[in-house]
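Have a look at the structure below before the remarks.
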Amino acid sequence: MPTVSVKRDLLFHALGRTYTDEEFDELCFEFGLELDEITSEKDIISREQGDTKAEGASDVILYKIDVPANRYDLLCLEGLVRGLQVFKQKMEAPRYRRVSPANGEPQRLVITEETAAVRPHAVAAVLRNITFTLERYDSFIELQEKLHQNVCRKRTLIAIGTHDLDTISGPFTYTAKPPGDIRFKPLNQAKEYTAQELMSLYKTDSHLRHYLHIIEDKPVYPVIYDSNGIVLSMPPIINGDHSKISLNTKNVFIECTATDLTKAKIVLDMMVTMFCEYCEEPFTVEEAEVVYPDGRTCLYPELAYRKETLSADFINRKVGISESTEHIAQLLTKMCLRSEVTSDGEQIEVEIPPTRSDVIHACDIMEDAAMAYGFNNIPRTTPRTYTVANQLPLNKLSELLRQDLAAAGFTEALTFALCSQEDIADKLLKNISETRACHISNPKTAEFQVARTTLLSGLLKTVAANRKMPLPLRLFEISDVVLKDETKDVGARNNRRLCAVYYNKSPGFEVIHGLMDRVMQLLEVKPGQGNGYHIQAADDSTFFPGRCAEIFARGKSIGRLGVLHPNVINHFELTMPCSALDIDIEPFL
Amino acid sequence: MADTGLVETLLRRVEKVDGGLDSQDVATSLGVDHQAIVGAVKSLQALGDVISAEQRSSKHWELTGEGCEIAEQGSHEARVVISIPEEGMPQSQLMKLAFGKVGFSKAMSNKWIRLDKGHEGGPRIFKTVEHLEDLVRDKLLLVQKGQASQLEEKEKNELKKRKLLSEVTVKSYWITKGSCFSTTITKQETELTPEMIASGSWKEKKFKPYNFEAMGVAPDCGHLHPLLKVRTQFRQIFLEMGFTEMPTNNFIESSFWNFDSLFQPQQHPARDQHDTFFLSDPAQAHEFPQDYLERVRKVHSEGGFGSQGYKYDWKIEEAQKNILRTHTTAVSARMLYKLAQQEKFTPVKYFSIDRVFRNETLDATHLAEFHQIEGVVADYGLTLGDLMGILHQFFNKLGITKLRFKPAYNPYTEPSMEVFSYHEGLKKWVEVGNSGMFRPEMLLPMGLPEGVTVIAWGLSLERPTMIKYGINNIRELVGHKVNLQMVYDSPVCRLDS
Numbered sequence: 001m002p003t004v005s006v007k008r009d010l011l012f013h014a015l016g017r018t019y020t021d022e023e024f025d026e027l028c029f030e031f032g033l034e035l036d037e038i039t040s041e042k043d044i045i046s047r048e049q050g051d052t053k054a055e056g057a058s059d060v061i062l063y064k065i066d067v068p069a070n071r072y073d074l075l076c077l078e079g080l081v082r083g084l085q086v087f088k089q090k091m092e093a094p095r096y097r098r099v100s101p102a103n104g105e106p107q108r109l110v111i112t113e114e115t116a117a118v119r120p121h122a123v124a125a126v127l128r129n130i131t132f133t134l135e136r137y138d139s140f141i142e143l144q145e146k147l148h149q150n151v152c153r154k155r156t157l158i159a160i161g162t163h164d165l166d167t168i169s170g171p172f173t174y175t176a177k178p179p180g181d182i183r184f185k186p187l188n189q190a191k192e193y194t195a196q197e198l199m200s201l202y203k204t205d206s207h208l209r210h211y212l213h214i215i216e217d218k219p220v221y222p223v224i225y226d227s228n229g230i231v232l233s234m235p236p237i238i239n240g241d242h243s244k245i246s247l248n249t250k251n252v253f254i255e256c257t258a259t260d261l262t263k264a265k266i267v268l269d270m271m272v273t274m275f276c277e278y279c280e281e282p283f284t285v286e287e288a289e290v291v292y293p294d295g296r297t298c299l300y301p302e303l304a305y306r307k308e309t310l311s312a313d314f315i316n317r318k319v320g321i322s323e324s325t326e327h328i329a330q331l332l333t334k335m336c337l338r339s340e341v342t343s344d345g346e347q348i349e350v351e352i353p354p355t356r357s358d359v360i361h362a363c364d365i366m367e368d369a370a371m372a373y374g375f376n377n378i379p380r381t382t383p384r385t386y387t388v389a390n391q392l393p394l395n396k397l398s399e400l401l402r403q404d405l406a407a408a409g410f411t412e413a414l415t416f417a418l419c420s421q422e423d424i425a426d427k428l429l430k431n432i433s434e435t436r437a438c439h440i441s442n443p444k445t446a447e448f449q450v451a452r453t454t455l456l457s458g459l460l461k462t463v464a465a466n467r468k469m470p471l472p473l474r475l476f477e478i479s480d481v482v483l484k485d486e487t488k489d490v491g492a493r494n495n496r497r498l499c500a501v502y503y504n505k506s507p508g509f510e511v512i513h514g515l516m517d518r519v520m521q522l523l524e525v526k527p528g529q530g531n532g533y534h535i536q537a538a539d540d541s542t543f544f545p546g547r548c549a550e551i552f553a554r555g556k557s558i559g560r561l562g563v564l565h566p567n568v569i570n571h572f573e574l575t576m577p578c579s580a581l582d583i584d585i586e587p588f589l
Numbered sequence: 001m002a003d004t005g006l007v008e009t010l011l012r013r014v015e016k017v018d019g020g021l022d023s024q025d026v027a028t029s030l031g032v033d034h035q036a037i038v039g040a041v042k043s044l045q046a047l048g049d050v051i052s053a054e055q056r057s058s059k060h061w062e063l064t065g066e067g068c069e070i071a072e073q074g075s076h077e078a079r080v081v082i083s084i085p086e087e088g089m090p091q092s093q094l095m096k097l098a099f100g101k102v103g104f105s106k107a108m109s110n111k112w113i114r115l116d117k118g119h120e121g122g123p124r125i126f127k128t129v130e131h132l133e134d135l136v137r138d139k140l141l142l143v144q145k146g147q148a149s150q151l152e153e154k155e156k157n158e159l160k161k162r163k164l165l166s167e168v169t170v171k172s173y174w175i176t177k178g179s180c181f182s183t184t185i186t187k188q189e190t191e192l193t194p195e196m197i198a199s200g201s202w203k204e205k206k207f208k209p210y211n212f213e214a215m216g217v218a219p220d221c222g223h224l225h226p227l228l229k230v231r232t233q234f235r236q237i238f239l240e241m242g243f244t245e246m247p248t249n250n251f252i253e254s255s256f257w258n259f260d261s262l263f264q265p266q267q268h269p270a271r272d273q274h275d276t277f278f279l280s281d282p283a284q285a286h287e288f289p290q291d292y293l294e295r296v297r298k299v300h301s302e303g304g305f306g307s308q309g310y311k312y313d314w315k316i317e318e319a320q321k322n323i324l325r326t327h328t329t330a331v332s333a334r335m336l337y338k339l340a341q342q343e344k345f346t347p348v349k350y351f352s353i354d355r356v357f358r359n360e361t362l363d364a365t366h367l368a369e370f371h372q373i374e375g376v377v378a379d380y381g382l383t384l385g386d387l388m389g390i391l392h393q394f395f396n397k398l399g400i401t402k403l404r405f406k407p408a409y410n411p412y413t414e415p416s417m418e419v420f421s422y423h424e425g426l427k428k429w430v431e432v433g434n435s436g437m438f439r440p441e442m443l444l445p446m447g448l449p450e451g452v453t454v455i456a457w458g459l460s461l462e463r464p465t466m467i468k469y470g471i472n473n474i475r476e477l478v479g480h481k482v483n484l485q486m487v488y489d490s491p492v493c494r495l496d497s
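Protein chains in written order, with UniProt numbering: chain X, 1 to 589; chain Y, 1 to 497.
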């Protein structure tokens, strides 16, 4: 969930009133936001770098507000204020308009076909006659960063570039070139670099190095030039220094290059709708023309208003309320979804503004109505759904066996389903290839290399972590292991196992054998060949030679028991003899 | 048991006196160690009210080591006089004797001896008395016989100053008859035996009382794991509410069922390498219901079922990627798809409690795997109010009565609500779960009828368990680093109390 930090006093000023922290927290809760933290620049620095570093830092109160991941329209002060003011019915939602420039000649961005190989889409727009203040400027930069981190997926999907239009001249060309052929002075650097040099320069940059991988291996890098060959930006890495915006910038050219056109349009809409209120003619955005390699042209930003028609009955039925059509239209209007009752009085026509890209279905509108009504005002009812409960037979059996194993003197362990290859193979004197293990491709540490194929290693690790406890240790676990299985759609299946260990000064084979007899008794399997159970000597590298037996029940091999190999004991950093039982309980369902 | 003879002697003495007697006096008169009498008193006390003994302390005088020596051999000054022959003795020779120095000055002040300083051959000492009365020794002998009371306080203090006497505090018992006083005692039995039961002899026997202050012997038994005890209770709650358990025994899931079927877009950050465990072997799932897969592709990339869709290039390769499931909702999706394939829809209530996996940064409250509790209800005409009502009933069974709901975002539910409960200890609202209505973009491609609503909620099993059992570090609860003593000691789990 993205967190937006805003200056409290600035926020209250914009909201036209002050709130206590509790009141504001309450307002956030109602609106689906969360006042996560109340802090200051100074607090943050002092917490992260110590008090001395924090000296002289600002102690202006900051509110850190958690915003739902799909509400890009609430990622800056401007958007938050607009959303809350409309919600509190202090203002009407503004209407955003795309306008043509005074001279009738829109800025043009020409996309060449070379971009197809790396980053094929681009959209653009102009904010004309904008007035920045320091706060507005900071907010403008911060919104780009928030969008980059969220909807832009760390610039992989979209990269935003903003430029002082008065320092460059169109038409602009969006193309892609081999890195050696791109040369410019990047933002905040003193000299020119080639793209190749930039990539190595930014290898150590704490911020930019995270984006290098997006184009690093491509034969050509995306780049935008103006008509004089000045580089605007090399997306998604860095802008040119020449066209950088400042507090004095009056006209802003915004371009978004992308691998996902739908999201690029959303991001451009967000950038312009959030800041066009500071233009000379508020809430207007000057269009720009994008020319595609095939000659097609498109005007941006889209700023599309979409209409949906739905009935009050639909909302009442889904939410569980019975409000009039008029009232529901009012509720939706509070959520920036301007709504009117249709002429027949039955339906509601809802207008979805370009800022609400999260509304893609009638159910999203229904949710907004429920939020505006107040979730906690909805009567809590009991559904009349009649059903009879059933346990999953496998879990029912596991539950019953657990109780009886504890009654037999064994204590239940709960070990991890993920572990290292070593745990299930080398340490148990097995070869990993014979384990049928499922392998994880992106483990952060060796602890998560494979899904376990046996419960034994987890139990032995539990014994090792509890060596100080009085002997004997008797442990068991009934849980799932994971095995590769070609017959399943995903190529693997779980297998429910029962595993127990006895750890003492003497191996206690008879103890573990007795436990196995008890388990068979509980499962109503009698000793004997054929339909009963019996054990017979077996070879298993995990066990001490001559001290391992295979268990057969109703003619099927279900597992093993025996005294563990001394090397296994050593591998788990244990010192005493240990006997173990490991069986599959699924045949007993 | 103290010496029976001594106990009986003591009882007879107590019988003879009217008031009572002091254990110290008894010891003196019997000529036994006081501790032996104390032992007898204690064992009589254990028999019940035979005697009553009140502890008291008294002071008395005792000889010091030096005092004992004097009582035996005479005072230093007396010994000086005795050791001097008629013809006298050189002073230097006298001073060599052990008692010489002290004896000389005392004998001088008693005028029992005289010193001739000018004697030829050095100073020489002569005795001036033939017979002497060694009063110091006499006094000490009196004290030794226990007759210190015959001396005056001043005399005793003088001897104390000379470090010949010391005053000691003695603890003793004042013994009187008890309500069940008797001079004969029966031997106490420690335990009831089968023979006593057979012969009926237990009726006459007295039994040694138990020490109820001591702990009992711990039973030799196994123990269930606390987290799984809590799991059992949650299962029970769902079963009481009529929910059927889902088969969640498939840790490995395809991205299709874990994400795509839930209308979670392919660029969603949850599908990132940083958040989810992907598999290298078996890397891909190879079997999907083809027409359903096509509907899922369409609703993501083009929309439909009343939705705008996400409008991106949906790739089968992404959907095929095998992962360790990140939520049990993947199983709910399979179950709902299965339900949709029934000829006629029937309402269902499902639940599951099982492991899920996240490739996250680990800390004191987060592990790479945890247990998710999930409840799902599918029926015609369910409302948001129904979801809140059912959550109210569910949490009531956990002993949580104050609930409120916060709007939230989740890719596969709309509306989505975070569930908060008021924590009396922390005096604030804390999040206890997540809930919502599954999106039509998830349900309709499965083939569920239009009017069917599916409501669901989820929470983790670890958090309520940690709160219940007061555990701060999740590693002490889950995994091999568990503290077995904690497992042994954990109480039964009643979630509502």
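We put the beta carbon where it would ideally sit given N, CA and C, even for glycine.
What you are looking at is a predicted structure, and each value in this text was computed from that prediction instead of being measured.
query                                                                                                                                                                                                  : result
Could you check how far apart the C-beta atoms of threonine 387 (chain X) and valine 348 (chain Y) are, in whole angstroms? I think they sit under 8 angstroms.                                        : 6 angstroms
Please determine, among X:Pro219, X:Ile224, X:Thr257, the residue with the shortest C-alpha to C-alpha distance to proline 178 (chain X).                                                              : X:Pro219
For cysteine 438 (chain X), name the three-state secondary structure that DSSP assigns.                                                                                                                : coil
Give a yes or no on whether 9 angstroms exceeds the smallest Cβ distance from histidine 60 (chain Y) to chain X.                                                                                       : no
Taking Cβ-Cβ distances below 9 angstroms as the criterion, which residues of the region 381-405 of chain Y are in contact with chain X?                                                                : Gly381, Leu382, Thr383, Leu384, Gly385, Asp386, Leu387, Met388, Gly389, Ile390, Leu391, His392, Gln393, Leu403, Arg404, Phe405
Three-state secondary structure (DSSP) at glutamine 347 (chain X)?                                                                                                                                     : strand
Counting along the chain, where does the alpha helix (DSSP H) carrying lysine 338 (chain Y) start and finish?                                                                                          : 329-340
Please name the residues in the region 458-469 of chain Y whose beta-carbon is closer than 8 angstroms to at least one beta-carbon of chain X, in chain order.                                         : none
For glycine 458 (chain X), decide whether its Cβ has a neighbour in chain Y, counting only Cβ atoms nearer than 9 angstroms.                                                                           : yes
Under 7 angstroms between beta-carbons, which chain X residues line up against valine 348 (chain Y)? List them in chain order, please.                                                                 : Thr387
Could you confirm whether any beta carbon from chain X is found closer than 9 angstroms to the beta carbon of tyrosine 412 (chain Y)?                                                                  : no
List, in chain order, every chain X residue whose beta-carbon is nearer than 7 angstroms to that of leucine 279 (chain Y).                                                                             : Cys438, His439, Ile440, Ser441
Taking any Cβ of chain C, which residues in the region 296-313 of chain Y have a Cβ under 9 angstroms from it, in chain order?                                                                         : Any reference to chain C falls outside this structure, whose protein chains are X and Y.
Could you compute how far the alpha carbon of methionine 1 (chain Y) sits from the alpha carbon of cysteine 68 (chain Y)?                                                                              : Per-residue confidence for methionine 1 (chain Y) stands at a pLDDT of 45, beneath the threshold of 50, marking its modelled position as unreliable; no derived number is given.
Compare the C-alpha of valine 80 (chain Y) against each of Y:Ala218, Y:Glu72, Y:Leu384, Y:Lys106 and name the closest.                                                                                 : Y:Lys106
Helix or strand or just coil, what does DSSP make of residue 499 (chain Y)?                                                                                                                            : It is not possible to answer for residue 499 (chain Y), since the shown part of chain Y is limited to 1 through 497.
Under 7 angstroms Cβ-Cβ, which residues of chain X neighbour valine 377 (chain Y)?                                                                                                                     : Pro383, Thr385
So, at 8 angstroms on beta carbons, what are the nonlocal neighbours of leucine 414 (chain X) in its own chain, with the 5 sequence-adjacent residues on each side left out?                           : Glu477, Ser479
What does the Cβ neighbour count give for cysteine 180 (chain Y), buried or exposed, with the cut at 16 atoms within 10 Å?                                                                             : exposed
Based on Cα-Cα distance, which residue from X:Pro472, X:Glu550, X:Gly559 lies nearest to arginine 496 (chain X)?                                                                                       : X:Gly559
Could you check where the beta strand (DSSP E) with alanine 408 (chain Y) kicks off and where it finishes?                                                                                             : 403-410
For threonine 190 (chain Y), is the classification buried or exposed, using 16 other Cβ atoms within 10 angstroms of its Cβ as the cut-off for buried?                                                 : exposed
Distance check for asparagine 129 (chain X) and glycine 240 (chain X), CA to CA, integer angstroms please.                                                                                             : 22 angstroms
The beta strand (DSSP E) spanning serine 227 (chain X) covers which residue range?                                                                                                                     : Unbroken run through serine 227 (chain X): none, as it is neither H nor E.
Going by DSSP in three states, glutamate 287 (chain Y) sits in which element: helix, strand or coil?                                                                                                   : coil
Beta-carbon separation of isoleucine 37 (chain Y) and leucine 11 (chain Y) under 9 angstroms?                                                                                                          : no
Report the start-end ranges of each alpha helix (DSSP H) in the region 37-118 of chain Y that is 4 residues or longer and not cut off at the edges.                                                    : 65-73, 76-83, 91-95, 100-109
In chain Y, what lies closer than 8 angstroms to glutamate 412 (chain X) by C-beta?                                                                                                                    : Gly222, His223, Leu224, His225, Leu228, Val487
Roughly how far, in whole angstroms, is the beta-carbon of isoleucine 97 (chain Y) from the beta-carbon of leucine 164 (chain Y), given that I think they are within contact range, below 8 angstroms? : The sequence as given places leucine at residue 97 (chain Y); isoleucine does not occur at that position. Contact flag wrong, Cβ pair sits at about 19 angstroms.
According to a CB-to-CB cut-off of less than 8 angstroms, which residues of the region 419-453 of chain Y neighbour chain X?                                                                           : Met437, Arg439, Pro440, Glu441, Thr453
Any contact of the region 291-302 of chain Y with the region 435-449 of chain Y, i.e. 3+ C-beta pairs under 8 angstroms?                                                                               : yes
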